[in-house]
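Participant: Under this note's numbering, think of the first position of the sequence shown as 76, with each following residue one higher.
All C-beta atoms in this analysis are idealised placements derived from N, C-alpha and C, irrespective of residue type, glycine included.
Below is one structure. I have some questions about it.
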Amino acid sequence: AYLKPDPKRLQEDETFRHKSTELTAYTAFYALSEVGNVDPIGRLNAGRIEDGAINVEIKNGPALHVIKEKGRLTTAKGKHVNAKAFMFFDNLETAGGILTGTLDSYAAIGSGQLAFRGRIPMIDNLNKLLSQVSAYLA
Numbered sequence: 076a077y078l079k080p081d082p083k084r085l086q087e088d089e090t091f092r093h094k095s096t097e098l099t100a101y102t103a104f105y106a107l108s109e110v111g112n113v114d115p116i117g118r119l120n121a122g123r124i125e126d127g128a129i130n131v132e133i134k135n136g137p138a139l140h141v142i143k144e145k146g147r148l149t150t151a152k153g154k155h156v157n158a159k160a161f162m163f164f165d166n167l168e169t170a171g172g173i174l175t176g177t178l179d180s181y182a183a184i185g186s187g188q189l190a191f192r193g194r195i196p197m198i199d200n201l202n203k204l205l206s207q208v209s210a211y212l213a
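Written as structure tokens, this is what we have:
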């Protein structure tokens with residue numbers, strides 16, 4: 076019910092919408108590591124990410140991090156204390172829109188809803204992996 080929610084309930088129930096978006100974010104970023112470790116194209120994109128951690132933060136929402144170490148990706152909850160790159164969503168609605176494809180990520184960057192800092196090439200290749208995740212979760 077949360078990962079393929081009823082559109083009407085998403086509009087009417089804010090608590091449900093936030094929980095659905097939070098679970099979608101966790102699912103997408105945990106799946107990202109699996110795609111990067113197993114999928115042939117995913118391995119190519121993951122191979123372009125330098126070793127280190129990438130923090131993904133949603134303002135007033137969850138935070139998680141993706142670590143590249145010894146050719147493998149892992150995802151964990153919370154912020155990594157020594158992250159090299161950072162992805163910031165201004166709220167759960169922005170994160171949900173980008174993860175479900177209803178909000179254009181470039182428009183979100185231009186409007187300040189989505190921001191990056193640190194080692195941008197790490198974020199660029201992370202985003203390439205994230206775009207592959209939707210094919211597996213559809």
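In three-state DSSP terms, what is residue 90?
Facilitator: Of the three classes helix, strand and coil, the one that applies to residue 90 here is helix, per DSSP.
Participant: Terminal residues of the continuous beta strand (DSSP E) containing residue 149?
Facilitator: 147-152 is the span of the beta strand (DSSP E), which, as asked, contains residue 149.
Participant: Below 8 angstroms on the Cβ atoms is my guess for residue 129 versus residue 160; work out the distance and round it to an integer in Å.
Facilitator: That pair is a contact at about 4 angstroms.
Participant: For residue 207 versus residue 135, is the C-beta spacing smaller than 9 angstroms?
Facilitator: Their beta carbons are not under 9 angstroms apart, which means residue 207 does not touch residue 135 by this criterion.
Participant: When the Cα of residue 133 is compared with those of 209, 94 and 81, which residue comes out closest?
Facilitator: Ranking the options by Cα distance to residue 133, first place goes to 94.
Participant: Going by DSSP, which residues form a beta bridge with residue 162?
Facilitator: DSSP output for residue 162 lists 131 and 191 as bridge partner(s).
Participant: If you draw a straight line from the alpha carbon of residue 187 to that of residue 165, how long is it in whole angstroms?
Facilitator: Straight-line Cα distance between these residues: approximately 8 angstroms.
Participant: Is residue 195 buried or exposed, if buried means 16 or more other CB atoms sit within 10 Å of its CB?
Facilitator: The residue in question, residue 195, is exposed, as its Cβ has fewer than 16 Cβ neighbours within 10 Å.
Participant: Assign residue 113 to buried or exposed, taking buried as 16 or more other Cβ atoms, counted over all protein chains shown, within 10 Å of its Cβ.
Facilitator: The residue is exposed, with fewer than 16 neighbouring Cβ atoms inside 10 Å.
Participant: Roughly how many angstroms separate the alpha carbons of residue 96 and residue 163, rounded to a whole number?
Facilitator: For residue 96 and residue 163, the distance between alpha carbons rounds to 15 angstroms.
Participant: What does a CB cutoff of less than 6 angstroms around residue 178 pick up in its chain, not counting 5 residues either side in sequence?
Facilitator: Excluding sequence neighbours, residue 178 sits near 172.
Participant: Within 10 angstroms of the Cβ of residue 122, are there 16 or more other Cβ atoms? Answer buried if so, exposed if not.
Facilitator: Answer is exposed; the Cβ neighbour count stays below 16.
Participant: What three-state label does DSSP hand residue 156 in the structure shown?
Facilitator: Looking at residue 156 - three-state DSSP - the assignment turns out to be coil, as it is neither helix nor strand.
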